[in-house]
Amino acid sequence: MAIFNRDSDDEVARGARAVVVHAETHNADRRDSDARLEEARGLALAIDIDVRAAQAFRVRDRKPATLFGSGQVDQIATLARQEEAELIIVDNSLSPVQQSNLEKSCEAKVIDRTGLILEIFGERAATNEGRLQVELAHLDYQAGRLVRSWTHLERQRGGFGFLGGPGETQIEADRRMIRDRMAKIRRELDQVTRTRGLHRARRQRAPWPVIALVGYTNAGKSTLFNRMTGADVMAEDLLFATLDPTMRQIALPGLDKAILSDTVGFVSDLPTQLIAAFRATLEEVLSADLIVHVRDIAHPDTEAQRDDVLDVLGELNVVGENADEDAPPIIEAWNKLDLLEDEDAALVREQAARRDDVVILSALTGEGVDTLQRTVSDRMTRGAKVYGLRIPVSDGATLAWLHEHGEVLSTIVEDEETRVEARLSDAAFARFSKRGRA
Ligand SMILES: Nc1nc2c(ncn2[C@@H]2O[C@H](COP(=O)(O)OP(=O)(O)OP(=O)(O)O)[C@@H](O)[C@H]2O)c(=O)[nH]1
Ligand SMILES: [Mg+2]
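All the letters of the sequence shown, read from the start, carry residue numbers 2 to 439 under the working numbering.
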């Protein structure tokens, strides 16, 4: 990807030989170290990097200069040499100084987790909007690095801010270029967002409820989406297989039209630049009527993954202290049930049975998908109101429609009219009103 190429070696080549290293710090992770490394490997594979080795290092104090201790840096350098790696992927966040010191010590290019995720998003973004958002995030990331490496350079020169030094001029020029480009992208994005906003406003007038699938990357959102819609969205054992939101119409019991949306997966330590950049895309999620949080219940870190997803949803004001008042309700779909051993499956079933906001299923085999569909439509029709309606006796079709889309509580025939008491969801009532006018 060459989104913005200050130096040509900014790029990560496909097929590059790499080693993945992770610093385990003591305020440690809520997750299993092996699983964490496995995920980092998965991220690298997502852009076709040839991962030769992956190793975790316990780091007691993060070294400001190199993150890892000096003995560990030597070990990493040796590992990289042995594996003939051109690239070292550090599955943590590195400061620009740490990154450049590690590059020098290990004689290989170094990228951190944020850089890697940005690379993946850069490759995957398919729509114009997605591309613009990723480029913006990438520029933002680079701008931060320029500023900080500038102070670093300055320190190397003795810490006196000689104005007009050659390095500074170059960096100033780079920064201006980045700023200009960012401003231009923001203007383009504004335009795209406005257009999409118009589309959405148009769609919102159609009284169809929207259901959004969210979840950790690789949890099975697209597989479930395909199963529920009969669509053929790319679903693969690949992190971030989906980047751009996809929407399809679906039918659910008692709700003959709803929109299901498949979205980008979340991952732990999602770069803040990307959360900001994807806010617009994720607005679809925020304005949904119901969120289905798809979880890989067979994953060893399923709990940590849930927390990560909730963290991102918190940043988007969907859950937590700063949740918007009209934030959509959430149900959890515990997926990949087929991967659990009988004993674990029984345990999980028990847990799920105790909660009315959990459905267990396998998007792959289809088991439990019907239960999910019923639960979704129950939720969507919840809070429905009872309406007293009058229908001409001759209009059997409308009465049938009410039976299909709501719950008919009573009917009394009076002269030429049927007086009907029916419980209807807001969506159904809106549709009914339109129907009446037609
Ligand atoms: N065994 C099993 N595998 C599943 C199930 N659901 C999905 N998978 C597999 O899990 C992998 C990821 O599925 P996707 O549907 O692409 O996951 P996603 O959540 O859309 O992932 P991203 O788009 O990358 O965020 C694929 O290999 C699927 O075949 C399931 O119920 N059981
Ligand atoms: Mg997907």
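Just so you know, even glycine gets a beta-carbon here, dropped at the ideal spot from N, CA and C. Remember, it's a predicted structure, so these values are computed and weren't measured experimentally.
Taking the alpha helix (DSSP H) that residue i belongs to, which residues open and close that run?
i    : result
N227 : 222-230
M381 : 370-382
A81  : 71-83
G116 : 114-125
Here's the rule: buried if 16 or more other CB atoms are within 10 angstroms of the residue's CB, otherwise exposed. What is residue i?
i    : result
Q99  : buried
A127 : exposed
A184 : exposed
A353 : buried
D141 : buried
R432 : buried
S426 : buried
G367 : exposed
Going by DSSP in three states, residue i sits in which element: helix, strand or coil?
i    : result
K1   : The requested residue 1 is not part of the displayed model; the chain covers only 2 to 439.
D345 : helix
P97  : helix
T247 : strand
I48  : coil
D141 : helix
N102 : helix
H153 : Low confidence applies here, because H153 scores a pLDDT of 43, under 50, leaving its location unreliable and the question unanswered by this model.
L338 : helix
T128 : coil
I283 : Note that residue 283 corresponds to Leu in the displayed sequence, not to Ile. Here L283 sits in helix by DSSP.
A252 : strand
D263 : strand
R176 : helix
How long is the line joining the alpha carbons of residue i and residue j, rounded to whole angstroms?
i    : j    : result
L225 : E417 : 48 Å
D325 : L287 : 9 Å
V148 : D290 : Residue confidence is low: V148 scores 49 on pLDDT, short of 50, so the model does not pin down where it sits. No coordinate-derived value is stated.
I112 : P65  : 16 Å
L103 : A109 : 8 Å
S378 : A259 : 9 Å
R187 : N129 : 13 Å
V215 : V265 : 7 Å
L493 : S269 : Residue 493 lies beyond the stretch modelled for the chain, which goes from 2 to 439, so this question has no answer here.
D175 : H139 : 14 Å
G16  : D51  : 5 Å
I118 : S96  : 16 Å
So residue i and residue j are supposed to be a Cβ contact under 8 Å. How far apart are they, rounded?
i    : j    : result
G407 : A423 : 5 Å
L121 : A47  : It is worth fixing the name first, because residue 121 is Ile in this sequence and not Leu. Indeed, because the Cβ distance is near 5 Å, the residues count as touching under 8 Å.
Q274 : Y217 : Actually they do not touch by this definition, with Cβ atoms about 20 Å apart.
L340 : I361 : With 8 Å as the limit, L340 and I361 do not qualify as a contact, their Cβ atoms being about 12 Å apart.
Return the first residue and the last residue of the beta strand (DSSP E) that residue i is part of.
i    : result
I90  : 88-91
P25  : For clarity, residue 25 is Glu in the given sequence; the question names Pro instead. Unbroken beta strand (DSSP E) run through E25: 18-26.
H406 : Where H406 is concerned, there is no enclosing beta strand (DSSP E), although the alpha helix (DSSP H) it sits in stretches over 397-406.
E322 : That residue, E322, is in no beta strand (DSSP E); it is neither H nor E in DSSP.
A423 : 418-425
V387 : 386-393
G315 : Here G315 belongs to no beta strand (DSSP E); instead the alpha helix (DSSP H) covers 303-316.
L271 : Premise fails: L271 is in no beta strand (DSSP E) and is neither H nor E.
L291 : 291-297
G216 : 211-216
Check whether the Cβ of residue i lies closer than 8 Å to any Cβ atom in chain D.
i    : result
M381 : Checking the listed chains, one finds no chain D in this structure; it contains a single protein chain.
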